[in-house]
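Only one structure is covered here, and it is reproduced in the block below.
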Amino acid sequence: MKNPIFRNSLILIFVVALAIYVGFFYRKAGGQEKMAADIVIQNAAIYTADDDNPTAEAVAIKDDKIIFVGSDKDAEGYIGSKTKTYDMTGNMVLPGLTDAHTHIRWVGQRETGLNLQGIDDLSETVQKIKDYADKVPDGEWIVGVGWIEKKWKENRFLNKDDLDPFSANKPIVANRAGEHSIVANSKAMELSGITKETPDPPGGQILRDENGEPTGMFVDNAMALIRNHIPAPSREKNKRSLQAGVDFMARMGWAEVQQAGGNYDDLALLKEMHDEGNLNVRVYYAMLWGEEAHKLLDRGREKTPDDMIDVRGIKYFADGALGSRGAALLAPYDDAPNSKGSVLIDPDEALPVMEAALRKGIQIETHAIGDYANRFTLDLYEKAFKAVPPEERLDADPRWRIEHAQIIDPADQKRYKDLDIFAVVEASTVKGDLYFAPARIGSERLKNAYLWKSLIDQGIRFSAGTDAPVEVGDPRVEFFSLVQRTDFNGFYNDDWHVEEKLSHDQALKTMTLWASRAAFQEDMRGSIEVGKKADLSIFDKDWMKIKPIEIMDSETVMTIVDGKVRYQR
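So in my numbering the end of the sequence shown lands on 577, straight run, no missing numbers.
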């Protein structure tokens, strides 16, 4: 450059620009230059899930990352002219909470449709269905979710006779909590071609009265006999349900949900929501077995660059639910001595899929509630591991999971450890199931059911989800259940085995770091550490110090995901 004046002018412009940049983005504190944060949270009770630095007062965020964790005083050095500061005096900050097992579109359907959850009286349940049906035109299908009979004084399932008096021309289907059984009225059965002569399908059961007539209850694979005749919701309705589900979970304080079985149609809608800026929680996604699973094996894992969506798993169902007696047991049910439940997996179909998954880095997760289902699943996993040794796997540590892991024979507990399988439990089911579980399986088998602390003590990798909408999907309920293991009134008996409850630190890691590990994400998120993703869940009471029942009085203050405020009270 021959013109020295021009050259010097360029140098001067560069120096001024650099000074402005440094002045804007950096502040001096403690003798060190520090980058100005986008967000600084101060005066909080911060629990990091990081054993080397378990508590803090302040945290600073730049873009999608945590850049500081420490004292309020040192955090001052990260506050610039554009930094948003939040005084969280009296509030608790946790690593972004992870629901390790949920069904996000079903949550949205519950929030926008006929929600029967939490009604502890049969007549009130029927009345709510009637009130909803009265507003629906003749011929239109009515689908409800979430009813459960466990506290009804009648101690029975819903049946068609409860629904028929007000629905002669309106087909009704109501999913029992657990999503392993449904009740249908006579109109729905008529439209589905169900008669006395309709046989039980493999892996399913049509409940019948003393004359052999269907009562309206369909269990496990029998549900398809009705569901296949319900008109599919429109794409727009499914997107509204997904949005409602995502927004509900963010409002509750969840930063990530791990979708336990889905499809590529829903995934496309979630991607749209992400592109539109409306995906308010991270989604770790498993495809349902069958056609969707084969698509995943063909296409391989996929994720968005910001890790807001990660598709990496295949979901199987080994059995049904304990409440509907679909869980597969080693010995018959105490209250149904002719039944051991049902196995829903064809091992000849599943094993080649599992072997292919090992070679392609796809995680397998399998619903297994009964002790036989757990053994059956472990057998399948072991066969796949032997067929595909570590050197032939894309991931030497495949981190396969068993969802629910509800009743596990002592010999199979050891196999969990030997095979290094994740046990992903649902904590809040205890306060409901243990009202009826003693009748189903008896006190002796309950000694090996709903195990938490003893699994962790054996070195078994452990996490927990809500199974929403089977349960509410409320992190307060989950944390309370993990540390208390009673109902909300403090009730328990010997069958509840309160010795299986967790410490507060174990409960925190179950819902944060350990849940992230179950999704290969522990290096990216799950604890509040410099360099990790800025996912935070903030509540107005300190769960680590207050009485467990007081946790239920707390409220979500803010949910931060990927450095952005996704919900604020």
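Note that beta-carbon positions come from the ideal geometry of N, C-alpha and C, so glycine has one too.
Proximity to residue i [Cα-Cα], best of the options
| i | options | result |
| --- | --- | --- |
| ILE353 | ILE372, PHE384 and GLN117 | PHE384 |
| LYS455 | ILE156, VAL569 and ILE416 | ILE416 |
| ALA185 | ARG259, GLU479, ALA542 and LYS204 | GLU479 |
| SER462 | ASP428, GLU507 and GLY498 | GLU507 |
| ASP228 | GLU187, SER242 and LYS509 | GLU187 |
| ARG307 | VAL319, ASP315 and TRP297 | VAL319 |
| ALA376 | PHE393, ALA268, LYS159 and LYS391 | ALA268 |
| PRO210 | ARG216, ALA230, ASP217 and SER200 | ALA230 |
| VAL77 | ASN99, ARG333, ASN51 and GLY98 | ASN51 |
| GLN421 | TRP460, ALA542 and ARG243 | TRP460 |
| PRO406 | LYS439, MET362 and GLY440 | MET362 |
| SER242 | PHE256, LEU277 and GLU221 | LEU277 |
| ASP169 | ALA232, MET197 and VAL151 | MET197 |
| MET100 | THR106, ALA66 and LEU388 | ALA66 |
| GLY285 | LEU105, ILE137, ASP314 and ILE449 | ASP314 |
| LYS580 | ASN193, ILE112 and ILE49 | Residue numbering for the chain in the displayed model covers 9 to 577; residue 580 lies beyond these limits and cannot be assessed. |
| ILE312 | VAL291, ALA329 and ILE137 | For the sequence presented, residue 312 should be read as Thr rather than Ile. THR312 has its Cα closest to that of VAL291, out of VAL291, ALA329 and ILE137. |
| ARG113 | ILE127, PHE256 and GLY349 | PHE256 |
Beta-carbon gap between residue i and residue j smaller than 8 Å
| i | j | result |
| --- | --- | --- |
| GLU373 | GLU411 | yes |
| MET225 | VAL265 | no |
| THR520 | ALA57 | yes |
| SER562 | LYS549 | yes |
| ALA336 | ASP342 | no |
| LEU250 | GLY121 | no |
| ASN271 | LEU305 | no |
| LYS158 | PRO179 | no |
| TYR458 | ARG259 | no |
| TRP504 | LEU442 | yes |
| PRO222 | ILE202 | yes |
| ALA108 | ALA381 | no |
| PRO477 | ARG248 | no |
C-alpha gap between residue i and residue j, whole angstroms
| i | j | result |
| --- | --- | --- |
| GLY378 | PRO345 | 15 Å |
| VAL432 | ALA413 | 7 Å |
| TYR55 | ILE536 | 8 Å |
| PHE325 | ALA83 | 48 Å |
| ASP95 | GLU280 | 34 Å |
| TYR424 | PHE430 | 7 Å |
| ARG4 | ALA472 | Because the chain is modelled from 9 through 577, residue 4 falls outside the range shown and cannot be assessed. |
| THR133 | ASN123 | 10 Å |
| ILE568 | LEU544 | 5 Å |
| ILE214 | GLU205 | 11 Å |
| ALA44 | SER79 | 16 Å |
| LEU366 | GLN529 | 18 Å |
| ASN219 | SER489 | 42 Å |
| ASP217 | ALA447 | 21 Å |
| ARG35 | ILE74 | With a pLDDT of only 48 at ARG35, under 50, the local geometry of the prediction cannot be trusted, and the value read off the model is given with reservation. So the alpha carbons of these two residues sit roughly 17 Å apart. |
| PHE631 | LEU386 | Residue coverage of the chain in this structure runs from 9 to 577, which leaves residue 631 outside it and unanswerable. |
Buried versus exposed, by CB contacts within 10 Å (16 or more), residue i
| i | result |
| --- | --- |
| ILE234 | buried |
| GLN135 | exposed |
| SER511 | exposed |
| PRO398 | exposed |
| ASN177 | exposed |
| GLY539 | exposed |
| LYS143 | exposed |
| MET63 | One point to set straight first is that residue 63 is Thr, not Met, in the sequence displayed. It counts as exposed. |
| SER332 | buried |
| ARG577 | exposed |
| ASP60 | exposed |
| ILE557 | exposed |
| THR97 | exposed |
Min CB distance residue i to chain C below 8 Å
| i | result |
| --- | --- |
| LYS425 | Protein chain content of the structure displayed is limited to a single chain, and chain C is not contained in it. |
Proximity test, residue i beta-carbon vs the ligand SAH heavy atom, cut-off 7 Å
| i | result |
| --- | --- |
| GLN213 | No copy of the ligand SAH occurs in the structure displayed, which carries no ligand at all. |
| request: Would you mind listing the alpha helix (DSSP H) stretches within the region 292 to 368 that are 4+ residues and don't spill past its ends, in chain order? | output: 299 to 307 and 355 to 368
| request: Run through the region 103 to 143 for me and flag every whole beta strand (DSSP E) of 3 or more residues, listed as ranges in chain order. | output: 105 to 110
| field | Contiguous beta strand (DSSP E) assignments of at least 3 residues, all confined to the region 189 to 216 | value | 189 to 192 and 212 to 216
| query | Curious, which full-length beta strand (DSSP E) runs of at least 3 residues does the region 500 to 561 contain? | reply | 544 to 547
| task | Could you name each continuous alpha helix (DSSP H) segment of 4 residues or more that falls completely within the region 137 to 183, going from the start of the chain to the end? | result | 168 to 171
| request: Within the region 226 to 284, note down every full beta strand (DSSP E) run reaching 3 residues or more, in order along the chain. | output: 262 to 270
| task | Within the region 45 to 88, note down every full beta strand (DSSP E) run reaching 3 residues or more, in order along the chain. | result | Counting whole runs of 3 or more residues, the region 45 to 88 contains the beta strand (DSSP E) stretches 47 to 50, 53 to 55, 66 to 70 and 73 to 78.
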